[in-house]
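Q: The structure under discussion is supplied below as structure tokens; questions concerning it will follow.
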Amino acid sequence: MLPAHFQRLAVREDSAVLAECSRLVRDVTGWRSLYLWGANGVGKSCAAAVIYCRWSLGRAIFRTANELFSDAMTLEREKEITRYIGGVACEITHSSFWRSIEECGLLVLDEIAQGDPHEWRSEMFWRVLEARKRKPLIMTGNVSPDVLVQAYDQRIASRIQEGSFLKIVGSDGRKAGLTQRFSIVQRTV
Ligand SMILES: Nc1ncnc2c1ncn2[C@@H]1O[C@H](COP(=O)(O)OP(=O)(O)O)[C@@H](O)[C@H]1O
Ligand SMILES: [Mg+2]
Numbered sequence: 001m002l003p004a005h006f007q008r009l010a011v012r013e014d015s016a017v018l019a020e021c022s023r024l025v026r027d028v029t030g031w032r033s034l035y036l037w038g039a040n041g042v043g044k045s046c047a048a049a050v051i052y053c054r055w056s057l058g059r060a061i062f063r064t065a066n067e068l069f070s071d072a073m074t075l076e077r078e079k080e081i082t083r084y085i086g087g088v089a090c091e092i093t094h095s096s097f098w099r100s101i102e103e104c105g106l107l108v109l110d111e112i113a114q115g116d117p118h119e120w121r122s123e124m125f126w127r128v129l130e131a132r133k134r135k136p137l138i139m140t141g142n143v144s145p146d147v148l149v150q151a152y153d154q155r156i157a158s159r160i161q162e163g164s165f166l167k168i169v170g171s172d173g174r175k176a177g178l179t180q181r182f183s184i185v186q187r188t189v
């Protein structure tokens with residue numbers, strides 16, 4: 001479910017953030033995750049939302065991380081939950097939830113590492129990371145990959161650091177050049 005404000009947004013195609021993210025997504029072979037990070041408002045979620053909207057290789061899912069982990073947690077206790085998608089009620093069960101996480105073409109987890117750390121949150125995140133191993137997964141967040149260990153735990157931080165990460169800097173990137181706006185660190189372990 002894409003946040004409503006992105007549905008109405010007239011996307012600026014000259015966005016350097018968008019261009020670089022699209023390039024990275026195209027280049028990623030043998031998928032590991034892609035983590036877009038930087039300060040508020042620099043265009044991380046927007047870039048992820050555009051990639052989500054244009055994704056054509058199977059179903060794409062866009063959720064904020066905490067919402068998704070909270071649904072996963074609820075489904076540990078309850079048989080099913082109801083979500084309204086396009087005004088239509090959808091019953092989600094534990095198995096249909098995890099099947100869609102595993103089988104979707106692309107999963108976007110927006111705003112990871114927000115809020116207080118909880119053991120259950122780390123546990124759900126780990127399960128999601130395991131389910132998306134070598135499958136398209138894009139995350140956005142405000143914290144540097146080094147600090148993820150404080151928000152979650154060592155295994156999660158190290159799994160994310162195994163993937164690609166893109167630091168987005170600057171508040172008005174559309175006027176600045178690529179080199180001023182990005183530093184890209186890619187690991188190919
Ligand atoms: N490619 C783009 N085209 C149009 N507007 C954009 C674009 N990128 C960012 N914006 C604008 O900047 C705002 C902040 O972007 P957002 O992606 O939400 O930032 P972040 O997730 O980094 O906090 C968006 O709501 C949108 O108005
Ligand atoms: Mg955002």
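If you count the sequence shown from 1, position 140 lands on 140 in our numbering, and the numbers rise without skipping. Idealized CB from N, CA, C, for every residue including glycine.
1. For TYR52, tell me which candidate among GLU102, LEU107 and TRP31 has the shortest Cα-Cα distance.
2. Flag LYS44 as yes when its Cβ comes closer than 6 Å to any non-hydrogen atom of ligand 2, and as no otherwise.
3. Mind checking whether ILE112 and ALA131 have CB atoms under 7 Å apart?
4. Using 8 Å as the Cβ pair cut-off and three pairs as the minimum, do the stretch 12-30 and the stretch 57-73 touch?
5. Whole angstroms is fine: what's the gap from ILE96's alpha carbon to ARG8's?
6. Within a Cβ cutoff of 6 Å, which residues of the same chain sit near ALA48, ignoring the five residues on either side of it in sequence?
7. Using the Cβ count rule (16 or more neighbours within 10 Å means buried), how would you classify ALA151?
8. With C-beta atoms as the reference, is GLU80 less than 7 Å away from THR93?
9. Any heavy atom of ligand 1 closer than 6 Å to the CB of ARG12?
A: Taking the definition as stated:
1. LEU107
2. yes
3. no
4. no
5. Correcting the residue identity first, residue 96 is Ser in this sequence and not Ile. Their Cα atoms are separated by approximately 30 Å.
6. VAL108, ILE138 and THR140
7. buried
8. yes
9. yes
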